[in-house]
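**Q** Next up is a structure, given as structure tokens.
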Amino acid sequence: MELNEYSYGIILYKKNSSLKFLLLKRSEGWLDFPKGHIEKNETEIEAAIRETFEETGIKINPDDIDRKFSYSMCYKFQRGNDMVIKHVKMFLSQINDDASIRISAEHSGYMWLDYNDCMKNLSHENQREMIKNVYEYLNTRK
Numbered sequence: 080m081e082l083n084e085y086s087y088g089i090i091l092y093k094k095n096s097s098l099k100f101l102l103l104k105r106s107e108g109w110l111d112f113p114k115g116h117i118e119k120n121e122t123e124i125e126a127a128i129r130e131t132f133e134e135t136g137i138k139i140n141p142d143d144i145d146r147k148f149s150y151s152m153c154y155k156f157q158r159g160n161d162m163v164i165k166h167v168k169m170f171l172s173q174i175n176d177d178a179s180i181r182i183s184a185e186h187s188g189y190m191w192l193d194y195n196d197c198m199k200n201l202s203h204e205n206q207r208e209m210i211k212n213v214y215e216y217l218n219t220r221k
């Protein structure tokens, strides 16, 4: 059976002397961005904010999301007898350097990585393509 799933999240970054992105280490071992499933009656942005808070402890104000950027991707994977088609939409928000991270039980750690380290450490090609788009966007906007 084919199942469609929809997830929303926020790519969190900080920019002081250098640009760094927050990545969460999943219990399964790979790095990922905070994201998760939408709940009934939520907007995409509301789902992204809620999931980011649940997974990082960081409360994002809707006004702090860069409305000029979003990135969508779709991929498939097998779960038992089902083929899951995962639709993901990610938003972008800059956070303060002193933001306190509190990870959820589904993660075993977190790290702040610059662009080059993201490209080396992200396991999935679609994640690398996304961070490349984010990096280009952040370096070309006025």
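The sequence shown runs 80 to 221 under my numbering. Even glycine gets a Cβ: it sits at the ideal position worked out from N, Cα and C. Because the structure is a prediction, the values reported are computed rather than measured.
1) So, at 6 Å on beta carbons, what are the nonlocal neighbours of MET169 in its own chain, with the 5 sequence-adjacent residues on each side left out?
2) Are ILE137 and ALA126 close, meaning C-beta to C-beta below 9 Å?
3) Within 10 angstroms of the Cβ of PRO113, are there 16 or more other Cβ atoms? Answer buried if so, exposed if not.
4) Looking at the secondary structure, which residues open and close the alpha helix (DSSP H) in which GLU125 lies?
5) For SER179, which residues in the same chain have their Cβ closer than 7 Å to its Cβ, ignoring the five residues on either side in sequence?
6) Do you know whose CA, among TYR194, ILE139, GLU81 and ASP143, lies nearest LEU102's CA?
7) So what does LEU101 bridge to, in DSSP terms?
8) If you run the structure through DSSP and keep just helix, strand and coil, what is ILE210?
9) Answer with buried or exposed for GLN206, where buried requires no fewer than 16 other C-beta atoms within 10 angstroms of its C-beta.
10) If I follow the unbroken beta strand (DSSP E) through GLU84, where does it start and stop?
11) Under a three-way DSSP split, which group does ASP145 fall into?
**A** Based on what the coordinates show:
1) GLY88, ILE90 and TYR150
2) no
3) buried
4) 123-135
5) GLY136
6) TYR194
7) TRP191
8) helix
9) buried
10) 81-94
11) coil
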